[in-house]
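Take the sequence shown: its position 93, counting from 1, is numbered 328 in our numbering, and each next residue is one higher. Glycine included, C-beta positions come from ideal geometry on N, C-alpha and C. Worksheet for the structure shown next.
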Amino acid sequence: MKKLILALFVLVLAANSFSQDKPKVVEVTGNATIEVQPDIMNWDVRVQDDDNNMQSAVNSNESSVSKILDFLKNQGVKSEKISTSGLRLNKNITYYDAKVKKYTVTNYIFFSVGDINMYQKLADYFVSFDNVYINNTTLAYSNEIETRKQARINALKAAKEKAEMMAAVFGKEIGDPIMITEEPVYSYFNNSLNNVYTSSEFSGTESGQTFSRGMVTVTAKVKVVFSLK
Numbered sequence: 236m237k238k239l240i241l242a243l244f245v246l247v248l249a250a251n252s253f254s255q256d257k258p259k260v261v262e263v264t265g266n267a268t269i270e271v272q273p274d275i276m277n278w279d280v281r282v283q284d285d286d287n288n289m290q291s292a293v294n295s296n297e298s299s300v301s302k303i304l305d306f307l308k309n310q311g312v313k314s315e316k317i318s319t320s321g322l323r324l325n326k327n328i329t330y331y332d333a334k335v336k337k338y339t340v341t342n343y344i345f346f347s348v349g350d351i352n353m354y355q356k357l358a359d360y361f362v363s364f365d366n367v368y369i370n371n372t373t374l375a376y377s378n379e380i381e382t383r384k385q386a387r388i389n390a391l392k393a394a395k396e397k398a399e400m401m402a403a404v405f406g407k408e409i410g411d412p413i414m415i416t417e418e419p420v421y422s423y424f425n426n427s428l429n430n431v432y433t434s435s436e437f438s439g440t441e442s443g444q445t446f447s448r449g450m451v452t453v454t455a456k457v458k459v460v461f462s463l464k
């Protein structure tokens, strides 16, 4: 019995010692978002031909891709900003729909433009083809790296301000930061346009405008642990 009491006494002393040695801290997160006007537009265009004759589908696809590449270069799009997936050939097998063609040939064209005002001109050109579809366009900002750095600084300032406010409620002050980590932020630029159309969906408007630039956001999130004085 004496041994048991002694053991419990030792455990209590150890627990008290641990609690006294544990540093007093405040842990906070800081968030910051910067809105900027995008100046880059990334395009994803699909050229697709369906035909019962494989060679006819290939010829049509290659012809359309060649015309599009020439058009883009004539519009001042740099060659290094353009890439293609290459021909992809699928043989379609169906037992219930006679309208489905035997072969499908596709090629994807990816490119970026620095003049977002070109949107309407490019879109109008693509929809002039029966076999061209705009899969997606996304907006980005050329000075993203520097803007993200500033967002991190703003997030750290926000974390410090929050920690100071929380500590002051209990009559305390914050000391030096003990730990600083950056939290994951998913999708700095999540501006897929929701007004993109394909050739089969297009119907012109009186103004001919189907695009609005809008803004993109750069976000940073940090976690900081400060000591308490």
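- Would you identify the three-state DSSP class for Val293, choosing helix, strand or coil? helix
- Query: How big is the Cα-Cα spacing for Lys456 and Thr382?
  - Reply: 14 Å
- Message: The beta strand (DSSP E) that contains Asn277, what's its start and end?
- Response: Ile275 to Asp286
- Item | Buried/exposed call for Ser299, threshold 16 Cβ in 10 Å | buried
- Message: Strictly by DSSP, which residues pair up with Ile458?
- Response: Strictly speaking, residue 458 in this sequence is Lys, with Ile absent from that position. Per DSSP, Thr264 and Thr416.
- When burial is assigned at 16 or more other CB atoms within 10 Å of the CB, is Phe405 buried or exposed? exposed
- Query: Hey, how far is the Cα of Val293 from the Cα of Leu391?
  - Reply: 56 Å
- Task: Following the continuous alpha helix (DSSP H) through Arg387, name the residue where it begins and the one where it ends.
- Result: Glu379 to Val404
- Comparing alpha-carbon positions, which option in Ile413, Met450, Ser301 and Asn325 lies nearest Val459? Ile413
- Where does Lys302 sit, in a helix, a strand or coil, going by DSSP? helix
- In angstroms with no decimal places, state the Cα-to-Cα distance between Val367 and Glu396. 53 Å
- Give the straight-line distance between the Cα atoms of Asn288 and Thr339, rounded to the nearest whole angstrom. 10 Å
- According to the Cβ coordinates, are Lys326 and Lys337 closer than 8 Å? yes
- Item | Terminal residues of the beta strand (DSSP E) in which Tyr368 lies | Val367 to Ala375
- Item | Alpha-carbon to alpha-carbon, Asn277 and Lys356 | 15 Å
- Item | Alpha-carbon to alpha-carbon, Thr452 and Gly265 | 16 Å
- If you count every other CB in all the chains shown that lies within 10 Å of the CB of Leu324, and 16 or more means buried, which is it? exposed
- Rounded separation between Asp305 and Ser347 - CA only: 15 Å
- Is DSSP giving Ile269 helix, strand or coil here? strand
- Flag this pair as yes or no: are the beta carbons of Ile269 and Leu374 separated by less than 8 Å? no
- Query: With 16 other CB atoms within 10 Å as the buried threshold, where does Tyr354 fall?
  - Reply: buried
- Query: In its own chain, which residues sit with a C-beta less than 6 Å from the C-beta of Asp286, not counting the 5 before and 5 after it?
  - Reply: Ala292, Lys336 and Tyr338
- Under 8 Å, do Arg448 and Pro273 count as touching if we go by C-beta distance? yes
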